[in-house]
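There are 2 protein chains.
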Amino acid sequence: MTTRLAVIAPGAMGSAVARELVGRGAQVLTVIDSRSERSTLRARDAGMIAADLSDLPGCDLILSIVPPDAAIGLAQMLAPVLRQSPTKPAFIDFNAINPATMQDVSAALSGTGCDVLDGAIIGLPPQQGRDGPTFYISGDPDGRADVLASFGLKLRQIDGPVGAASALKMVYAGINKGLVALGTAMFLASERAGCAQALSQQMSESLPNLRGQLMHAIPDMYGKAYRWVPEMREITAFLGENDPASGIFDAASQIFASIAKDADRTLIAALDRVLSQTDSGDLAP
Amino acid sequence: MTTRLAVIAPGAMGSAVARELVGRGAQVLTVIDSRSERSTLRARDAGMIAADLSDLPGCDLILSIVPPDAAIGLAQMLAPVLRQSPTKPAFIDFNAINPATMQDVSAALSGTGCDVLDGAIIGLPPQQGRDGPTFYISGDPDGRADVLASFGLKLRQIDGPVGAASALKMVYAGINKGLVALGTAMFLASERAGCAQALSQQMSESLPNLRGQLMHAIPDMYGKAYRWVPEMREITAFLGENDPASGIFDAASQIFASIAKDADRTLIAALDRVLSQTDSGDLAP
Numbered sequence: 004m005t006t007r008l009a010v011i012a013p014g015a016m017g018s019a020v021a022r023e024l025v026g027r028g029a030q031v032l033t034v035i036d037s038r039s040e041r042s043t044l045r046a047r048d049a050g051m052i053a054a055d056l057s058d059l060p061g062c063d064l065i066l067s068i069v070p071p072d073a074a075i076g077l078a079q080m081l082a083p084v085l086r087q088s089p090t091k092p093a094f095i096d097f098n099a100i101n102p103a104t105m106q107d108v109s110a111a112l113s114g115t116g117c118d119v120l121d122g123a124i125i126g127l128p129p130q131q132g133r134d135g136p137t138f139y140i141s142g143d144p145d146g147r148a149d150v151l152a153s154f155g156l157k158l159r160q161i162d163g164p165v166g167a168a169s170a171l172k173m174v175y176a177g178i179n180k181g182l183v184a185l186g187t188a189m190f191l192a193s194e195r196a197g198c199a200q201a202l203s204q205q206m207s208e209s210l211p212n213l214r215g216q217l218m219h220a221i222p223d224m225y226g227k228a229y230r231w232v233p234e235m236r237e238i239t240a241f242l243g244e245n246d247p248a249s250g251i252f253d254a255a256s257q258i259f260a261s262i263a264k265d266a267d268r269t270l271i272a273a274l275d276r277v278l279s280q281t282d283s284g285d286l287a288p
Numbered sequence: 004m005t006t007r008l009a010v011i012a013p014g015a016m017g018s019a020v021a022r023e024l025v026g027r028g029a030q031v032l033t034v035i036d037s038r039s040e041r042s043t044l045r046a047r048d049a050g051m052i053a054a055d056l057s058d059l060p061g062c063d064l065i066l067s068i069v070p071p072d073a074a075i076g077l078a079q080m081l082a083p084v085l086r087q088s089p090t091k092p093a094f095i096d097f098n099a100i101n102p103a104t105m106q107d108v109s110a111a112l113s114g115t116g117c118d119v120l121d122g123a124i125i126g127l128p129p130q131q132g133r134d135g136p137t138f139y140i141s142g143d144p145d146g147r148a149d150v151l152a153s154f155g156l157k158l159r160q161i162d163g164p165v166g167a168a169s170a171l172k173m174v175y176a177g178i179n180k181g182l183v184a185l186g187t188a189m190f191l192a193s194e195r196a197g198c199a200q201a202l203s204q205q206m207s208e209s210l211p212n213l214r215g216q217l218m219h220a221i222p223d224m225y226g227k228a229y230r231w232v233p234e235m236r237e238i239t240a241f242l243g244e245n246d247p248a249s250g251i252f253d254a255a256s257q258i259f260a261s262i263a264k265d266a267d268r269t270l271i272a273a274l275d276r277v278l279s280q281t282d283s284g285d286l287a288p
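As given, the protein sequences belong to chains A and B, one line each in that order.
Just so you know, we're using the working numbering here: the first sequence kicks off at 4 and counts up by one.
Just so you know, we're using the working numbering here: the second sequence kicks off at 4 and counts up by one.
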């Protein structure tokens, strides 16, 4: 019997995941917003099957892969359909939401009779020629998500309740993207203060790996900064006001916002000047 | 003619620097607070010569190497002595102070007739068996500090005004210690949220260098956290209220303060649990 999965929505990540699953023989349904030509094309390209909401309860799993602010809405939209259905797919929320928001997703689906699992995707969308992301699951004592591993996804169960996978996404993104915010701010400050060349040289000597990572990650951030602003806010909310570290992510969201609205590319030009510093400074004789 | 230098004070860094200079044949004077037996011993051990304030104007260079909050006071104390002296040593402030504080140091010494140079020391104190720190200088168009290179110090002139070397110290420490604050906060959050093992494994795979650096730098911070609190505040002041990144260092100072006053080692025990996570998690079948 063919395994039938649903992936909503066919965004960059969702469609790339669907292509992997289809390639290994799964049927993958999706619900397409016909107003978005791009989504329609991506879904077709990935071999996804356009379906109605009422088709979804017939799937084994429903994967929610949407922007963070759409996670609760999707759960609320599906709840009545799942409640009325005799078949009960497991619902996995794979979104970059904080554990409290994940509890809201769970609550929206309570009374449907469906298992609600917490998921997190760490890494870039699957693509030919690079390692795919890792799919973390928590709150799945019966291993209902394990079927995804048989379709080639790198799946890892976290021995923890619903919320642990969402928390993992928060702390991992906090380190990875928080570092980019920190580097961005310090590189800009070094430019303003006239010590960018010295900083570059000193880092080459004493922090070469960190410098290499920032040299790659900062330019890669320019085009994503607008998406990272709400993600940093999710981390701020995750930590809560009583954790002083929430201030790091409040600052990070502002730093990424300043890059996102850097329309005349003043900041980006300054960063590029720092990133292009070579290590030609000589020691005094 | 023997080169005569002054290094004030004989703290951990000052005395280690003096030992290097003495070892290469310089005479190194210092002023010892006789109330501190430890300083007296360190100075003697480094081959420094105990001197009075009135002896200092006879030196070629005076190196100020004191805690950040003592930098202005030392300059103010030396000012009358230097003003009245016919010989005019250059004064180098090597302290971890922000550029505005460095301007205050300069102002305290204006009218003395002495050149005031801005310095920054990046790295651990010189010690047998490891690379010494790098000594950065700005505001030294005549190369008056270059004599330090001839006594074995790794000296680098920054082509910038007084303030540029202090700024370099701020941005370098901002990246290096800001990362430790970020890692500390996220590791603690992962422990609270039950995803420390998964975080450790994910970082081993996708951020191995960063993980390695944090595994080393976080335990190394425990005993220094109390000193890093004021250093983070200097960086906050350096960036200023209008730079959102100042919030990162306001948070970092609070994070280090929480470690510094972690008397029952609750936080340190939690961090040690995260740091001791092995990468034994298996992928689902």
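Yeah, the Cβ is synthetic: ideal placement off N, Cα and C, and Gly gets one too.
Remember, it's a predicted structure, so these values are computed and weren't measured experimentally.
- If you look at A/Arg-41, you'll find it in the alpha helix (DSSP H) that goes 40–48.
- For A/Ala-29, the closest alpha carbon among the candidates A/Gly-50, A/Met-105, A/Phe-94 is that of A/Gly-50.
- In chain order, Leu-56, Ser-57, Leu-59, Pro-60 place their CB closer than 7 Å to the CB of A/Val-84, counting only its own chain and leaving out the 5 sequence neighbours on each side.
- Ranking B/Leu-127, B/Ala-220, B/Lys-157, B/Ala-123 by CA distance to the CA of B/Ser-141 puts B/Ala-123 first.
- Contact note: B/Thr-137 reaches chain A through Gln-205, using a C-beta cutoff of 7 Å and chain order.
- Taking the Cβ atoms as the reference, B/Pro-129 lies roughly 6 Å from B/Val-20, within the contact range of under 8 Å.
- When secondary structure is reduced to three states using DSSP, B/Asp-145 falls in the coil class, being assigned neither helix nor strand.
- From the listed residues B/Asp-121, B/Ala-54, B/Ala-263, the smallest Cα separation to B/Pro-144 is found for B/Asp-121.
- The beta carbon of A/Val-183 sits no closer than 7 Å to any beta carbon of chain B.
- Contact between the region 12–19 of chain B and the region 144–154 of chain B is absent: fewer than 3 CB-CB pairs across the two stretches fall below 8 Å.
- Beta-bridge partners of A/Leu-64 (DSSP): A/Leu-8, A/Ala-93.
- At a cut-off of 7 Å between beta-carbon atoms, A/Val-119 makes no contact with chain B.
- Among the CB atoms of chain A, one or more fall inside 7 Å of the CB of B/Pro-247.
- For B/Pro-102, the C-beta contacts it makes with chain A under 8 Å involve Ala-196, in order along the chain.
- Residue environment for B/Met-4: exposed (fewer than 16 other C-beta atoms within 10 angstroms of its C-beta).
- Residue-level contact check: B/Ala-266 does not touch chain A, since none of the beta carbons of chain A fall below 7 Å from its beta carbon.
- For A/Arg-133, no alpha helix (DSSP H) run applies, since DSSP gives it neither H nor E.
- At a cut-off of 7 Å between C-beta atoms, B/Gly-114 does not count as an interface residue with respect to chain A.
- Below the 8 Å Cβ cutoff, chain B contributes Pro-247, Ala-248 as neighbours of A/Ile-258, in chain order.
- Counting only runs that start and end inside the region 181–263 of chain A, the alpha helix (DSSP H) elements of at least 4 residues fall at 199–209, 211–225, 228–242, 249–263.
- Annotated as proximal: A/Met-189 and B/Val-174, with beta-carbon spacing under 7 Å.
- Remark: C-beta atoms of B/Asn-101 and B/Ala-240 approach each other more closely than 7 Å.
- Beta-bridge partners assigned by DSSP to B/Ile-52: B/Leu-32.
- The Cβ atoms of B/Thr-187 and B/Ile-221 sit closer than 7 Å to each other.
- Shown here for B/Ala-15: same chain residues with a beta carbon closer than 7 Å to its own, the five before and five after excluded, namely Pro-128 in chain order.
- Boundaries around A/Leu-24 are those of the alpha helix (DSSP H), 15–26, since no beta strand (DSSP E) includes it.
- With distances taken between CA atoms, B/Ala-170 lies nearest to A/Cys-198 out of A/Asn-179, A/Cys-198, A/Val-150.
- Proximity of A/Val-108 to chain B, defined by a Cβ-Cβ separation below 7 Å, is not satisfied.
- Boundaries cannot be given for B/Ile-100, as no beta strand (DSSP E) includes it and DSSP labels it neither H nor E.
- Contact with chain A is found for B/Ile-125, since one of that chain's Cβ atoms lies less than 7 Å from the residue's Cβ.
- Per DSSP, B/Ile-124 is one residue of the beta strand (DSSP E) stretching across 119–125.
- Rounded to whole angstroms, the gap between the alpha carbons of A/Ala-272 and A/Ile-262 is 11 Å.
- Within chain A, Ala-170, Met-173, Val-174, Gly-177, Phe-241, Leu-242, Asp-246, Ala-248 have C-beta atoms less than 8 Å from the C-beta of B/Ala-192, given in sequence order.
- In chain order, Val-174, Gly-177, Ile-178 make up the part of chain A whose C-beta sits under 7 Å from the C-beta of B/Met-189.
- Close to B/Leu-278, with beta-carbon spacing below 7 Å, lies no residue of chain A; the smallest spacing is near 14 Å.
- Inter-segment contact for the region 198–214 of chain B and the region 154–165 of chain A is present: three or more beta-carbon pairs are separated by less than 8 Å.
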